[in-house]
Amino acid sequence: MHLISTSNLIEYLCLLFGIFFLIKDKATFWRISLVYILIVCLTETTAGIISKVYHHHNVTIYNIYMLLEATYVSYGLYYFLREYIKNIVYWILAVYCIILTISAFCIYDHGIHTYNSLTVSIMSVFFVVFSLLYFYVLLKDESFIDLKFHPAFWWIGGVLIFYFGGTLANFFDDIIQMKFFRDLNARTIIYTTLNAFLYGFWSYSFICRTRQRKLSL
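Just so we're on the same page, my numbering is the position in the sequence shown counted from 1, plus 62.
If you want it as structure tokens, here you go:
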């Protein structure tokens with residue numbers, strides 16, 4: 063049971079929501095979302111087994127997963143921003159190339175067995191900027207949008223909270239390493255909470271997407 067953390071349970075619940083609400087969705091982004099959540103769950107489970115059962119470092123897995131994460135979130139931001147900004151694809155592609163370049167440099171310089179924290183920090187900052195840009199253009203949109211049923215609002219809301227919170231947590235990393243109970247420290251609590259926001263918001267965006275799809279029939 064020690065292999066399953068609270069964050070893992072949250073991710074698997076999100077996967078169940080995805081299977082239930084997105085399995086019949088024909089839109090490419092939402093199909094990719096379902097596959098991505100599955101990859102998240104498999105990655106976390108594999109990393110947990112390597113670390114807690116075989117007592118080996120699992121950093122390599124996370125460094126590889128990081129590239130998939132950057133790809134999926136970048137595509138999601140493009141998918142929702144393209145409605146408002148015509149040339150957004152070029153900006154997101156440029157940022158994506160920067161992320162890949164930094165990642166390649168860090169792996170070359172430190173090796174793939176060292177956690178690529180610089181890439182995570184740069185990636186998080188860019189994702190926060192694009193998320194804020196989305197909310198800015200959404201605010202300027204004069205058409206009526208019912209936000210409580212708007213999938214893009216909740217999906218990007220989850221991205222903003224998770225990566226903004228993660229950026230602050232990385233900045234104050236030394237402080238949040240303080241332990242409260244045995245192995246439980248502030249960092250664990252913070253990232254579990256951020257995971258709850260991210261996958262909770264994404265799960266609700268799946269519900270909103272199903273409602274949107276049915277109304278468009």
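By construction, the Cβ of each residue, glycine as well, lies at the ideal position given by its N, Cα and C atoms.
Residue i - containing alpha helix (DSSP H), residue span
i, result
"THR90", "90-114"
"ILE164", "150-172"
"SER179", "179-202"
"SER267", "248-277"
"PHE233", "213-233"
"TYR124", "121-143"
"ILE147", "Counting along the chain, ILE147 falls outside any alpha helix (DSSP H), and DSSP gives it neither H nor E."
"SER69", "68-84"
Beta-carbon gap between residue i and residue j smaller than 9 Å
i, j, result
"LEU84", "ARG93", "yes"
"ASN120", "ASN178", "no"
"GLY219", "LEU256", "no"
"VAL221", "LEU260", "yes"
"SER186", "VAL157", "no"
"ASN149", "SER183", "no"
"TRP216", "SER95", "no"
"TYR140", "ILE154", "yes"
"PHE268", "PHE142", "no"
"ILE99", "LEU77", "yes"
"THR254", "SER113", "no"
"GLN274", "PHE197", "no"
"ILE101", "TYR127", "yes"
"LEU195", "ILE147", "yes"
With 16 other Cβ atoms within 10 Å as the buried cut-off, status of residue i
i, result
"ARG271", "buried"
"MET63", "In this predicted model, MET63 has a pLDDT of only 47, less than 50, meaning its place in the structure is not dependable; the value taken from the coordinates is given anyway. With fewer than 16 other Cβ atoms within 10 Å, it is exposed."
"CYS159", "exposed"
"MET166", "Per the sequence shown, residue 166 should be read as Ala rather than Met. Exposed, since its Cβ has fewer than 16 Cβ neighbours within 10 Å."
"ILE161", "buried"
"GLY138", "buried"
"SER278", "exposed"
"TYR170", "exposed"
"ALA89", "exposed"
"GLU131", "buried"
"PHE192", "buried"
"PHE82", "exposed"
"GLU204", "exposed"
"GLU106", "buried"
"PHE188", "buried"
"ILE207", "exposed"
"ILE66", "exposed"
"ILE223", "buried"
Cβ-Cβ separation, residue j to residue i (assumed contact under 8 Å), whole Å
i, j, result
"VAL199", "TYR225", "Incorrect: roughly 18 Å between the Cβ atoms, too far for contact."
"ILE111", "ALA258", "Wrong, their Cβ atoms sit about 23 Å apart, outside the cutoff."
Any non-hydrogen atom of the ligand GTP within 8 Å of residue i CB
i, result
"ILE269", "In the structure on display, the ligand GTP does not appear, and there are no ligands present to speak of."
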